[in-house]
Each structure stands twice: as C-alpha cells, then as structure tokens.
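*Asks:*
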Amino acid sequence: MIDKLELNHLRTLDALYALGHMSAAAQRLGVTQQAVSLQLKNLRTLLGDPLFVRTGHGMVPTAYAQSIRAQVGQILQLVSTLTAPQSQALDQLERTLTLCATDYTQQIVVADLVAALREHAPRVRVLVANIESAALLRRMQQGEIALAFTSSGYVPEGLHSLALFTERYVCASARALAAPGQTLALEALVAHGFVVVSPGVPDLEGSAAAWFARQGLQRRVALSVPSFFMAQQVLRRTDLVGFMPSRLMPCEGLVDVPLTQYPPGYQVVAAWHPAAASDPLLAWMLEYLRARFADGVQGGL
579 MIDKLELNHL
589 RTLDALYALG
599 HMSAAAQRLG
609 VTQQAVSLQL
619 KNLRTLLGDP
629 LFVRTGHGMV
639 PTAYAQSIRA
649 QVGQILQLVS
659 TLTAPQSQAL
669 DQLERTLTLC
679 ATDYTQQIVV
689 ADLVAALREH
699 APRVRVLVAN
709 IESAALLRRM
719 QQGEIALAFT
729 SSGYVPEGLH
739 SLALFTERYV
749 CASARALAAP
759 GQTLALEALV
769 AHGFVVVSPG
779 VPDLEGSAAA
789 WFARQGLQRR
799 VALSVPSFFM
809 AQQVLRRTDL
819 VGFMPSRLMP
829 CEGLVDVPLT
839 QYPPGYQVVA
849 AWHPAAASDP
859 LLAWMLEYLR
869 ARFADGVQGG
879 L
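The following block contains the structure:
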C-alpha cells in the first residue's frame, strides 16, 4: 500500500526523525499531538512496520525507518525546489519548446518570435514543425506542441486562439496579364492554369474554389503544392497563375496581377491548449504577439 503515501505522511516522518517527540513534531507541523499520532498509525499500516518505538528518551526509529530516512529527505527536498508557475525568470528557463506553423506563418510570424525568444529566453531551445491539422489537438493535449500558427478556419475545437491579423490575397504570375493601369476580369483569369497551395493533404480544388463557383466560374487547377515557397518557385518557371498572401509580395520574378475582384482573405491566429494557459513562457509569447501585431491589419508589418 506504499502507493497511498501522501506528502503529509512524509512530513510527519521527517519531523519525528528530527525531534523524536510527538509533541515537538506536532508543534513544528502546526497540528495537534493527536493528529501526529493518527498519521503515524496510518503510516504503520501503509508500510507494515512500527517505524518508531517509545523509549525513555522519546521516539526512536526502527531499523526500517532508518533505512528510508534518506529517501524521505530527498523527496521533501525535491518538492521544496518546485517553482510556482510565475516565479522563474524568463532568462533562466531551460526547456525545449515546439512551435507548429504553416510555411507562410513561419516566415511572417515565427521567425521574429524566435529572434525575440533568443533575446529574452536564451536557454529555451525551439523546434519548429510544419503544420499538421489532423493531429494538432491530440499533440497539444499531450504537451508535444506549445503553440500553433495557422488560419482561423483550421483551429480544431477545444483549442484557444489569438487573432493576429487579417491577410488578403493578391494574384501573382511571372508576366503581366493586364495592360498597364488596367485590371483583369475574372473571366479572363480563369482561362489560365492555376497553382494552389494545400499544406495538409494535396487538393486540386483549393480554398478559392467555392468563391469562383459563386461568381459562376470554374478555374482549371494544374498543380497543387504544399507550401507558398514552392508555389513561388513554380510561378517563376511556368505560365501558371496563383493567389499569394499579400505579405509575401512583392517577390522577385513575380508580378502582381490586378483583378476586378479578389477572393476573401483570412485571419491568421496563434492557437494553444487550455491546459497550457498557466505556462509563463506561453503567456510571454502571447503578450509579445499581441504587441507585435497590435493593429491586426495588413499594414502592421
């Protein structure tokens, strides 16, 4: 029944070891002598040993009690070194932190956050992983991921989130598709092949498919890639067009194709599990992000 030992049991043992009298142990622990006697009775049952015997000089530990004295002291010492959630200075934290992000938020959000962490929490090691929406909730619940950066529509139910800013789309191509000072009609745009970005599972529809359908149009998707970085490389080398987040433009080798209409933008968020809410490092990062993207709009960079 040793697994039923409680911290108060160990504190009682420690006081009896040090003082050797019920009354003195009770005074140190701030309880009655009867309470110490009851704790000792419970300990004898749990450990199957008398633990202390009465003599003319007080309570003397048995051979078994003596054999575990060092372990009892070590456990209490370890407990005493535990720090409260907000008590440890940021620059003294030593831990490994995992951030999960799309390739877009890695460039726009995570790079600056990591630089700030290097300045304020230099002993914290950081792992940056690509976004994986399907397993995000489970991995955050298990403490494997501290913070995720994605769009609001991809945050699983059960996570908390902080809105950082709203991003808008621009249309990009390797060459100008409209005359100078003119805009390109959507009907002309859909005559071109598209590249779409699908970070999770490859998808030849793309997030703007429903928007085009509401305009009574259907585009031809020629290629699906997992990142905006790869989309930029493909656009430079082909005759395809694609929608890019405006914060990734201008981009060398690509031009902004002005359109008569654009698909709606999206909200970029930081997401975390409620169980991590008391983590001082998480609190610091969220406060940094609030200040960094205080205006919450495209012009915030």
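My numbering applies: residue 579 is where the sequence shown begins, and numbers increase by one. We treat Cβ as the ideally placed atom computed from N, Cα and C, and that holds for glycine. Since the structure is predicted, the reported quantities are computational estimates derived from the model, not experimental observations.
Can you round the beta-carbon distance between T683 and V819 to whole angstroms, since I take them to be within the 8 Å contact cut?
*Replies:* That pair is no contact at about 23 Å.
*Asks:* If you draw a straight line from the C-alpha of L705 to the C-alpha of A679, how long is it?
*Replies:* Looking at the two C-alpha atoms, the distance is approximately 11 Å.
*Asks:* Alpha carbon to alpha carbon, how far is D781 from T816? Give it in angstroms, no decimals.
*Replies:* So the two alpha carbons sit approximately 20 Å from each other.
*Asks:* So the candidates are A786, L594 and L764; which of them puts its Cα closest to the Cα of V774?
*Replies:* That would be A786, whose Cα lies nearest to the Cα of V774.
*Asks:* Among E735, P628 and V692, whose alpha-carbon lies nearest the alpha-carbon of A571?
*Replies:* No information on residue 571 is available, as it lies outside the stretch 579 to 879 that the chain covers here.
*Asks:* Which ranges would you report for the beta strand (DSSP E) in the segment 585-661 if only whole runs of at least 3 residues count?
*Replies:* Segments of the beta strand (DSSP E) lying fully in the segment 585-661: 630-633 and 636-639.
*Asks:* Within the chosen definition, does the segment 666-673 reach the segment 854-862 through at least 3 CB pairs nearer than 8 Å?
*Replies:* Contact between the segment 666-673 and the segment 854-862 is present, because at least three Cβ pairs lie under 8 Å.
*Asks:* Taking the continuous beta strand (DSSP E) assigned at M822, which residues delimit it?
*Replies:* Counting along the chain, the beta strand (DSSP E) containing M822 begins and ends at V819 to P823.
*Asks:* Taking Cβ positions, are L624 and A643 nearer each other than 8 Å?
*Replies:* Contact flag unset, no.
*Asks:* Going by the DSSP bridge assignment, what does G771 pair with across the sheet?
*Replies:* DSSP, once it has assigned bridges, lists R798 as partnering G771.
*Asks:* If I'm right that L737 touches W850 with Cβ under 8 Å, what's the distance once you round it to whole angstroms?
*Replies:* Sure, about 7 Å apart at Cβ, within 8 Å.
*Asks:* Mind checking whether L654 and R589 have CB atoms under 8 Å apart?
*Replies:* Cβ distance < 8 Å, so L654 and R589 count as in contact.
*Asks:* If you reduce the DSSP assignment to three classes, tell me which class L837 lands in.
*Replies:* In the structure shown, L837 sits in a strand (DSSP, three-state: E or B).
*Asks:* Using only the alpha-carbon positions, how far apart do A763 and Q839 sit?
*Replies:* Those two C-alpha atoms are separated by around 8 Å.
*Asks:* Cα separation between T610 and A854?
*Replies:* Approximately 39 Å, taken between the alpha carbons.
*Asks:* Using 8 Å as the threshold, is the C-beta distance between D592 and V687 below it?
*Replies:* In this structure, V687 does not lie closer than 8 Å to D592 by Cβ.
*Asks:* On the DSSP letters alone, give me the boundaries of the alpha helix (DSSP H) that F807 sits inside.
*Replies:* Looking at the DSSP string, the run of the alpha helix (DSSP H) that includes F807 is F806 to R815.
*Asks:* Does DSSP classify R753 as helix, strand or coil?
*Replies:* Coil.
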